[in-house]
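For reference, the structure discussed in these notes is given below.
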Amino acid sequence: MPPKQSKAEIAKKQKIVEDKTFGLKNKNKSKNVQKYVQSLHQNVQPKPDPSKLAAKKKKEEEKAREKELNDLFKIAVVQPKVPVGVDPKSILCEFFKAGQCAKGFKCKFSHDLNVQRKGEKIDIFSDKRDEGTMEDWDQETLEKVVASKGKEYNQNKPTDIVCSHYPFNRIHQCCAAVTSPELLGVYIVSFCLQSTKALVFKVCKHFLEAVEKKQYGWFWVCPNGNKECHYRHALPPGYILKSQMKALLEEEANKLAIEDEIEDQRGKLKTTTPMTTDLFMEWKRKKMEESESGLAAQRAERAKNDRMRRMRSTTVKKNQLTRNL
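As numbered in full-length UniProt numbering, the sequence shown has no gaps in its residue numbers, which increase by one up to the final residue, 325.
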(Lines of atoms letter the chains of each structure in order from A and count residues from 1; the text may use other names and numbers.)
(Lines give C-alpha, C1' and ligand atoms only; values in the text may rest on other atoms or scores of the structure.)
Protein backbone atom coordinates (compact mmCIF):
# COMPACT_ATOMS: atom_id res chain seq x y z
CA MET A 1 0.00 0.00 0.00
CA PRO A 2 1.61 3.32 -1.05
CA PRO A 3 2.05 6.01 1.63
CA LYS A 4 -0.52 8.77 1.77
CA GLN A 5 0.56 12.14 0.43
CA SER A 6 0.14 15.25 2.52
CA LYS A 7 -1.83 18.27 1.35
CA ALA A 8 1.38 20.28 1.01
CA GLU A 9 2.89 17.70 -1.35
CA ILE A 10 -0.27 17.58 -3.46
CA ALA A 11 -0.37 21.40 -3.67
CA LYS A 12 3.31 21.46 -4.64
CA LYS A 13 2.78 18.95 -7.46
CA GLN A 14 -0.31 20.82 -8.63
CA LYS A 15 1.79 24.01 -8.84
CA ILE A 16 4.35 22.13 -10.95
CA VAL A 17 1.61 21.10 -13.38
CA GLU A 18 0.32 24.66 -13.62
CA ASP A 19 3.86 25.94 -14.27
CA LYS A 20 4.46 23.38 -17.02
CA THR A 21 1.16 24.09 -18.74
CA PHE A 22 1.41 27.88 -18.39
CA GLY A 23 1.40 29.66 -21.74
CA LEU A 24 0.55 26.61 -23.85
CA LYS A 25 -1.24 27.56 -27.03
CA ASN A 26 -4.51 25.90 -28.07
CA LYS A 27 -4.85 24.36 -24.57
CA ASN A 28 -8.62 23.93 -25.03
CA LYS A 29 -8.58 23.03 -28.78
CA SER A 30 -5.62 20.80 -29.61
CA LYS A 31 -6.07 17.12 -28.69
CA ASN A 32 -2.33 16.55 -28.32
CA VAL A 33 -2.03 19.42 -25.83
CA GLN A 34 -5.02 18.10 -23.87
CA LYS A 35 -3.46 14.62 -23.69
CA TYR A 36 -0.19 16.17 -22.44
CA VAL A 37 -2.03 18.14 -19.71
CA GLN A 38 -4.01 15.06 -18.71
CA SER A 39 -0.84 12.96 -18.40
CA LEU A 40 0.73 15.63 -16.16
CA HIS A 41 -2.35 15.57 -13.87
CA GLN A 42 -2.22 11.78 -13.63
CA ASN A 43 1.45 11.86 -12.65
CA VAL A 44 0.78 14.41 -9.92
CA GLN A 45 -2.34 12.81 -8.42
CA PRO A 46 -1.81 9.88 -6.00
CA LYS A 47 -2.56 6.47 -7.48
CA PRO A 48 -5.69 4.81 -6.06
CA ASP A 49 -5.31 1.77 -3.84
CA PRO A 50 -6.03 -1.34 -5.99
CA SER A 51 -7.33 -3.31 -2.97
CA LYS A 52 -9.95 -0.62 -2.25
CA LEU A 53 -10.99 -0.56 -5.89
CA ALA A 54 -11.35 -4.35 -5.89
CA ALA A 55 -13.42 -4.27 -2.67
CA LYS A 56 -15.67 -1.55 -4.06
CA LYS A 57 -16.16 -3.46 -7.31
CA LYS A 58 -16.96 -6.66 -5.40
CA LYS A 59 -19.52 -4.84 -3.24
CA GLU A 60 -21.24 -3.39 -6.31
CA GLU A 61 -21.38 -6.84 -7.92
CA GLU A 62 -22.96 -8.33 -4.78
CA LYS A 63 -25.59 -5.58 -4.72
CA ALA A 64 -26.38 -6.16 -8.40
CA ARG A 65 -26.67 -9.92 -7.82
CA GLU A 66 -28.95 -9.43 -4.81
CA LYS A 67 -31.16 -7.03 -6.77
CA GLU A 68 -31.38 -9.53 -9.63
CA LEU A 69 -32.43 -12.32 -7.23
CA ASN A 70 -35.07 -10.08 -5.64
CA ASP A 71 -36.44 -9.23 -9.07
CA LEU A 72 -36.61 -12.92 -9.99
CA PHE A 73 -38.13 -14.32 -6.79
CA LYS A 74 -39.97 -11.37 -5.27
CA ILE A 75 -43.63 -11.66 -4.33
CA ALA A 76 -46.12 -9.26 -5.88
CA VAL A 77 -46.38 -6.73 -3.05
CA VAL A 78 -49.11 -4.08 -3.01
CA GLN A 79 -48.77 -1.13 -0.66
CA PRO A 80 -52.03 -0.41 1.24
CA LYS A 81 -54.01 2.72 0.47
CA VAL A 82 -53.93 5.28 3.29
CA PRO A 83 -57.45 6.43 4.29
CA VAL A 84 -58.09 10.14 4.67
CA GLY A 85 -56.99 11.44 8.06
CA VAL A 86 -54.92 8.35 8.96
CA ASP A 87 -51.21 8.61 9.78
CA PRO A 88 -49.20 6.40 7.36
CA LYS A 89 -46.81 5.59 10.23
CA SER A 90 -49.65 3.63 11.86
CA ILE A 91 -49.72 1.24 8.85
CA LEU A 92 -47.09 -1.47 8.39
CA CYS A 93 -45.06 -1.26 5.16
CA GLU A 94 -45.84 -4.32 3.04
CA PHE A 95 -42.46 -4.12 1.26
CA PHE A 96 -40.66 -4.09 4.64
CA LYS A 97 -42.78 -7.04 5.75
CA ALA A 98 -41.61 -8.95 2.66
CA GLY A 99 -38.00 -7.78 3.22
CA GLN A 100 -37.88 -5.67 0.05
CA CYS A 101 -38.20 -2.04 1.20
CA ALA A 102 -35.07 -0.07 0.27
CA LYS A 103 -36.28 3.37 1.44
CA GLY A 104 -35.28 2.95 5.07
CA PHE A 105 -36.23 5.85 7.37
CA LYS A 106 -37.47 7.83 4.34
CA CYS A 107 -40.40 5.41 3.88
CA LYS A 108 -43.70 7.04 4.86
CA PHE A 109 -45.04 3.72 6.21
CA SER A 110 -44.00 2.13 9.51
CA HIS A 111 -41.18 -0.41 9.73
CA ASP A 112 -42.28 -1.58 13.19
CA LEU A 113 -43.75 -5.09 13.06
CA ASN A 114 -45.66 -4.46 16.30
CA VAL A 115 -47.62 -1.52 14.85
CA GLN A 116 -50.11 -3.86 13.18
CA ARG A 117 -50.69 -5.69 16.43
CA LYS A 118 -51.11 -2.44 18.37
CA GLY A 119 -53.73 -1.14 15.93
CA GLU A 120 -55.87 -4.27 15.94
CA LYS A 121 -58.53 -4.76 18.60
CA ILE A 122 -58.87 -8.25 19.98
CA ASP A 123 -62.07 -10.05 19.04
CA ILE A 124 -63.95 -11.27 22.11
CA PHE A 125 -66.45 -13.21 20.00
CA SER A 126 -63.87 -15.66 18.57
CA ASP A 127 -61.47 -18.04 20.30
CA LYS A 128 -57.93 -17.65 18.95
CA ARG A 129 -57.19 -21.27 19.90
CA ASP A 130 -59.70 -22.57 17.33
CA GLU A 131 -56.92 -22.92 14.77
CA GLY A 132 -55.62 -26.04 16.54
CA THR A 133 -58.03 -29.00 16.21
CA MET A 134 -58.15 -32.59 17.46
CA GLU A 135 -56.78 -33.73 14.11
CA ASP A 136 -53.36 -32.43 15.20
CA TRP A 137 -53.40 -34.28 18.55
CA ASP A 138 -51.50 -37.50 19.20
CA GLN A 139 -52.71 -40.34 21.45
CA GLU A 140 -50.81 -39.05 24.48
CA THR A 141 -52.32 -35.57 24.18
CA LEU A 142 -55.83 -37.00 23.80
CA GLU A 143 -55.47 -39.19 26.92
CA LYS A 144 -54.07 -36.27 28.89
CA VAL A 145 -57.00 -34.03 27.91
CA VAL A 146 -59.60 -36.69 28.77
CA ALA A 147 -58.00 -37.39 32.17
CA SER A 148 -57.59 -33.75 33.17
CA LYS A 149 -61.07 -32.77 31.95
CA GLY A 150 -62.85 -35.07 34.40
CA LYS A 151 -60.51 -34.21 37.29
CA GLU A 152 -60.62 -30.41 36.98
CA TYR A 153 -64.27 -29.95 35.98
CA ASN A 154 -65.55 -29.20 39.47
CA GLN A 155 -62.56 -26.99 40.31
CA ASN A 156 -62.76 -24.88 37.14
CA LYS A 157 -66.50 -24.97 36.64
CA PRO A 158 -67.40 -22.94 33.56
CA THR A 159 -70.18 -20.44 33.04
CA ASP A 160 -73.05 -21.84 30.97
CA ILE A 161 -74.42 -19.32 28.46
CA VAL A 162 -77.60 -20.35 26.67
CA CYS A 163 -78.11 -19.05 23.16
CA SER A 164 -80.89 -19.78 20.67
CA HIS A 165 -81.52 -19.24 16.97
CA TYR A 166 -83.70 -16.20 17.73
CA PRO A 167 -82.15 -12.95 16.49
CA PHE A 168 -80.84 -10.54 19.10
CA ASN A 169 -82.99 -7.66 17.79
CA ARG A 170 -86.17 -9.56 18.61
CA ILE A 171 -84.94 -10.33 22.13
CA HIS A 172 -83.98 -6.67 22.63
CA GLN A 173 -87.44 -5.50 21.51
CA CYS A 174 -89.14 -7.94 23.87
CA CYS A 175 -86.92 -6.89 26.81
CA ALA A 176 -87.36 -3.13 26.36
CA ALA A 177 -89.91 -2.95 29.17
CA VAL A 178 -87.70 -4.72 31.76
CA THR A 179 -86.22 -2.25 34.27
CA SER A 180 -83.63 -4.35 36.14
CA PRO A 181 -80.38 -5.89 34.85
CA GLU A 182 -80.90 -9.05 36.89
CA LEU A 183 -84.48 -9.48 35.65
CA LEU A 184 -83.36 -8.76 32.09
CA GLY A 185 -80.74 -11.52 32.24
CA VAL A 186 -83.28 -14.00 33.62
CA TYR A 187 -85.78 -12.98 30.94
CA ILE A 188 -83.25 -13.49 28.12
CA VAL A 189 -82.27 -16.93 29.43
CA SER A 190 -85.91 -17.99 29.81
CA PHE A 191 -86.68 -16.64 26.34
CA CYS A 192 -83.84 -18.69 24.84
CA LEU A 193 -84.84 -21.85 26.75
CA GLN A 194 -88.24 -21.77 25.03
CA SER A 195 -86.50 -22.54 21.73
CA THR A 196 -86.02 -26.16 20.69
CA LYS A 197 -82.76 -25.18 18.95
CA ALA A 198 -81.11 -23.70 22.05
CA LEU A 199 -77.34 -24.15 22.37
CA VAL A 200 -75.24 -24.12 25.56
CA PHE A 201 -71.80 -22.50 25.36
CA LYS A 202 -69.26 -23.59 27.97
CA VAL A 203 -67.50 -20.25 28.50
CA CYS A 204 -64.47 -19.98 30.79
CA LYS A 205 -65.44 -18.10 33.95
CA HIS A 206 -62.02 -16.41 34.13
CA PHE A 207 -62.40 -15.17 30.55
CA LEU A 208 -65.91 -13.86 31.27
CA GLU A 209 -64.72 -12.11 34.43
CA ALA A 210 -61.79 -10.50 32.58
CA VAL A 211 -64.11 -9.22 29.83
CA GLU A 212 -66.58 -7.81 32.36
CA LYS A 213 -63.75 -6.01 34.21
CA LYS A 214 -62.18 -4.86 30.89
CA GLN A 215 -58.94 -6.70 31.66
CA TYR A 216 -59.00 -8.95 28.59
CA GLY A 217 -56.48 -8.17 25.84
CA TRP A 218 -53.59 -9.50 23.79
CA PHE A 219 -51.43 -10.22 26.84
CA TRP A 220 -54.15 -11.68 29.10
CA VAL A 221 -53.32 -15.17 30.39
CA CYS A 222 -56.03 -17.53 31.61
CA PRO A 223 -55.41 -18.88 35.15
CA ASN A 224 -56.29 -22.34 33.79
CA GLY A 225 -53.65 -21.92 31.07
CA ASN A 226 -54.34 -20.46 27.63
CA LYS A 227 -53.91 -23.70 25.67
CA GLU A 228 -54.68 -26.06 28.55
CA CYS A 229 -58.05 -24.47 29.42
CA HIS A 230 -60.90 -26.76 28.30
CA TYR A 231 -63.51 -24.03 27.97
CA ARG A 232 -64.32 -21.40 25.41
CA HIS A 233 -62.50 -18.06 25.43
CA ALA A 234 -65.16 -16.43 23.25
CA LEU A 235 -68.62 -15.00 23.76
CA PRO A 236 -71.59 -16.43 21.83
CA PRO A 237 -73.08 -14.19 19.11
CA GLY A 238 -75.38 -11.50 20.49
CA TYR A 239 -74.25 -11.89 24.11
CA ILE A 240 -74.79 -8.76 26.23
CA LEU A 241 -72.33 -7.87 28.98
CA LYS A 242 -73.63 -6.55 32.29
CA SER A 243 -72.12 -3.12 31.62
CA GLN A 244 -73.82 -3.01 28.21
CA MET A 245 -77.06 -4.19 29.78
CA LYS A 246 -77.03 -1.29 32.25
CA ALA A 247 -76.31 1.18 29.44
CA LEU A 248 -79.22 -0.21 27.40
CA LEU A 249 -81.58 0.10 30.34
CA GLU A 250 -80.45 3.67 31.04
CA GLU A 251 -80.91 4.54 27.37
CA GLU A 252 -84.41 3.09 27.36
CA ALA A 253 -85.27 4.88 30.60
CA ASN A 254 -84.00 8.26 29.37
CA LYS A 255 -85.53 7.91 25.93
CA LEU A 256 -88.33 10.36 25.18
CA ALA A 257 -91.67 9.23 23.86
CA ILE A 258 -92.30 9.90 20.17
CA GLU A 259 -94.99 12.47 21.01
CA ASP A 260 -92.64 14.42 23.31
CA GLU A 261 -89.88 14.33 20.69
CA ILE A 262 -92.22 15.75 18.03
CA GLU A 263 -93.29 18.54 20.38
CA ASP A 264 -89.64 19.38 21.12
CA GLN A 265 -88.84 19.59 17.41
CA ARG A 266 -91.87 21.78 16.81
CA GLY A 267 -90.82 24.06 19.65
CA LYS A 268 -87.40 24.60 18.03
CA LEU A 269 -88.98 25.98 14.84
CA LYS A 270 -88.79 29.79 14.66
CA THR A 271 -91.07 30.59 11.70
CA THR A 272 -94.23 28.51 11.77
CA THR A 273 -97.52 28.57 9.88
CA PRO A 274 -100.62 27.12 11.54
CA MET A 275 -101.82 24.06 9.62
CA THR A 276 -105.44 24.31 8.50
CA THR A 277 -107.61 22.19 6.21
CA ASP A 278 -107.46 24.77 3.41
CA LEU A 279 -103.64 24.96 3.54
CA PHE A 280 -103.34 21.19 3.50
CA MET A 281 -105.69 20.83 0.50
CA GLU A 282 -103.77 23.54 -1.38
CA TRP A 283 -100.46 21.78 -0.68
CA LYS A 284 -101.94 18.44 -1.81
CA ARG A 285 -103.29 19.98 -5.04
CA LYS A 286 -99.87 21.45 -5.90
CA LYS A 287 -98.16 18.13 -5.27
CA MET A 288 -100.64 16.30 -7.51
CA GLU A 289 -100.14 18.88 -10.30
CA GLU A 290 -96.35 18.52 -10.05
CA SER A 291 -96.67 14.75 -10.21
CA GLU A 292 -98.98 14.88 -13.26
CA SER A 293 -96.72 17.35 -15.09
CA GLY A 294 -93.72 15.13 -14.40
CA LEU A 295 -95.57 12.07 -15.75
CA ALA A 296 -96.67 14.01 -18.86
CA ALA A 297 -93.06 15.05 -19.54
CA GLN A 298 -91.91 11.43 -19.18
CA ARG A 299 -94.62 10.24 -21.60
CA ALA A 300 -93.64 12.90 -24.17
CA GLU A 301 -89.96 11.94 -23.90
CA ARG A 302 -90.80 8.25 -24.29
CA ALA A 303 -92.98 8.95 -27.38
CA LYS A 304 -90.18 11.03 -28.92
CA ASN A 305 -87.66 8.22 -28.38
CA ASP A 306 -90.06 5.71 -29.94
CA ARG A 307 -90.49 7.89 -33.06
CA MET A 308 -86.71 8.28 -33.43
CA ARG A 309 -86.24 4.52 -33.07
CA ARG A 310 -88.85 3.77 -35.74
CA MET A 311 -87.29 6.31 -38.12
CA ARG A 312 -83.84 4.75 -37.66
CA SER A 313 -85.16 1.23 -38.31
CA THR A 314 -86.98 2.43 -41.47
CA THR A 315 -83.81 4.10 -42.76
CA VAL A 316 -81.78 0.93 -42.15
CA LYS A 317 -84.32 -1.20 -44.06
CA LYS A 318 -84.30 1.23 -47.02
CA ASN A 319 -80.50 1.13 -47.16
CA GLN A 320 -80.52 -2.67 -47.16
CA LEU A 321 -83.07 -2.77 -50.02
CA THR A 322 -80.97 -0.30 -52.01
CA ARG A 323 -77.86 -2.47 -51.59
CA ASN A 324 -79.74 -5.61 -52.66
CA LEU A 325 -81.04 -3.91 -55.83
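A virtual CB, placed ideally from N, CA and C, is assigned to each residue, including glycine.
inquiry  = Quick check on DSSP: helix, strand or coil for Ala-295?
reply    = Reading off the sequence shown, one finds Leu at residue 295, where the question assumed Ala. Helix.
Once you ignore the five residues that flank Glu-152 on each side, which residues in its own chain have a CB closer than 7 Å to its CB? Low confidence applies to Glu-152: its pLDDT is 49, below 50, so where it sits in the model is not reliable, and the reading given next is rough at best. Counting only Cβ-Cβ distances below 7 Å, and skipping sequence neighbours, we find nothing.
query = How big is the Cα-Cα spacing for Glu-212 and His-230?
reply = 20 Å
By the DSSP assignment, the alpha helix (DSSP H) with Ala-253 in it spans what residues?
242-254
Just to confirm the assignment, what range does the alpha helix (DSSP H) spanning His-206 have? 205-212
Check: If you check the beta carbons only, do Val-77 and Phe-95 fall under 7 Å apart?
Finding: yes
**Bounding residues of the alpha helix (DSSP H) (the contiguous stretch that carries Lys-268)** = 258-268
Taking Leu-241 as the reference, which of Leu-269, Leu-208, Ile-258 and Ala-253 has the closest Cα? Leu-208
query: Who are Ser-110's beta bridge partners in DSSP?
result: Leu-92
#### Entry: Inter-residue spacing [alpha-carbon to alpha-carbon] between Thr-315 and Lys-286
44 Å
- Opposite Arg-232 in the DSSP bridges: which residues? Val-203
Requested in this report: With DSSP collapsed to three states, give me the class of Phe-280.
Outcome: helix
- Query: Should the segment 47-65 be regarded as contacting the segment 79-90, the criterion being three or more beta carbon pairs within less than 8 Å?
  - Reply: no
inquiry  = Whole angstroms are fine: how far does the CA of Glu-251 sit from the CA of Gln-244?
reply    = 10 Å
- prompt: Which residues in the same chain as Gly-150 place their Cβ atom closer than 8 Å to its Cβ, once the five residues preceding and following it in sequence are excluded?
  reply: Any reading at Gly-150 must be qualified, since the residue scores a pLDDT of 48, below 50, and its modelled position is unreliable; the value itself is stated next. For Gly-150, where only same-chain residues beyond five positions count, there are no Cβ hits under 8 Å.
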